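Here the numbering used here is used: the first residue of the sequence shown is 726, the next is one more, and so on. Built from N, CA and C at the ideal position, the CB exists for glycine as well. Every value quoted in this text rests on a predicted model; they were computed, and no experiment measured them. Encoded as structure tokens, the structure appears first; notes follow it.
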Amino acid sequence: MTAARPLEPIQGRMVLLPTPPPGGFSAADLPRLIEVVDARFELLDGEVVMMAPATQWHDEAMDVLKYALRAVAPADVVITTEKGINLGHTVPEPDVLAVARQAVSADSLYFDPVDVQLAVEIVSPGTKTKDRTLRPAQYAEAHIRHFWRVENERSAMVIYTFELLPEGGYAPTGVYRSRLRLDRPFAIDIEIPAVTW
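Put into structure tokens, the structure is as follows:
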């Protein structure tokens, strides 16, 4: 039996987190917050919450999925990444979104739920609970009709698709490993791209 090594302290850097006003921050505060918070963050119940660093696989999966969806999205839909959804004092930031074109401008930081047709979360080791539990609940409560969760299965994308039920919550609509064929939120028939770098 070997003696356990003493744990060394984890080194870090200081990140300025602004003090929330009474009632907390909201989506309207994002333009000012991104000027002072030197890291990726989201708003959760009016508080600034730092986001876990993304893995290389996560970033590549996000890129290839974005471009694959752009190739088949209708003209009135924009496929974008890492923009917030305005839930008031909570502003989650899905990895990929399909948004109504009329809601998009050059300076868009977030979108209203009514304009979001699809929210996609790509699961990383540090986001499993958030992406599998918290995000679906938030998006369903905001009435976002379609939610996808993308998992890493031996470095390949597996896409779990969900649709909003009339009574709330999501119902699973499929698990896709090689080809993604759906008619909602718009017609999609693509080979699931390989994640490579």
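Asked	Found
So, for Ala-831: in the same chain, excluding its five sequence neighbours on each side, which residues have a beta-carbon less than 8 Å away from its beta-carbon?	none
Use the C-beta contact count for Glu-892: other C-beta atoms within 10 angstroms, 16 or more gives buried, fewer gives exposed.	exposed
Mark Trp-873 as exposed unless 16 or more other C-beta atoms lie within 10 angstroms of its C-beta, in which case mark it buried.	buried
What number of angstroms, rounded off, separates the C-alpha of Glu-767 from the C-alpha of Arg-906?	32 Å
Should His-871 and Glu-888 be called a contact, given that it needs their Cβ atoms to be closer than 7 Å?	yes
Near Glu-772, which residues of its chain fall below 8 Å by C-beta distance, leaving aside the five closest residues on each side in sequence?	Pro-745, Gly-749 and Phe-750
Do three or more CB pairs link the stretch 900-919 to the stretch 850-869 at distances below 8 Å?	no
Using the DSSP secondary-structure output, state which residues sit across from Ile-884 in a beta bridge.	Val-875 and Tyr-901
Between Arg-795 and the rest of its own chain, which residues show a CB-CB distance below 8 Å, the 5 nearest in sequence each way excluded?	Ile-804
Are the CB atoms of Val-802 and Ala-823 nearer to each other than 7 Å?	yes
Let me check one thing: in DSSP terms, what residues is Arg-870 bridge-paired to?	DSSP, once it has assigned bridges, lists no residue as partnering Arg-870.
Write down the C-beta distance between Val-789 and Val-875 rounded to the nearest angstrom, noting that I regard them as a contact closer than 8 Å.	Going by Cβ atoms, the distance from Val-789 to Val-875 rounds to 10 Å, so no, they are not a contact pair.
Does Ala-800 pass the burial test, meaning 16 or more other C-beta atoms within 10 Å, or should it be called exposed?	exposed
Specify the secondary structure class of Ala-800 as computed by DSSP and reduced to three states.	coil
Could you give the distance in angstroms between the alpha-carbon of Arg-733 and the alpha-carbon of His-783?	The sequence shown places Glu at residue 733, rather than the Arg named in the question. Whole-angstrom Cα-Cα distance: 28 Å.
Keeping to the same chain, check which residues put their C-beta closer than 6 Å to that of Leu-890; ignore five residues upstream and five downstream.	Ala-896
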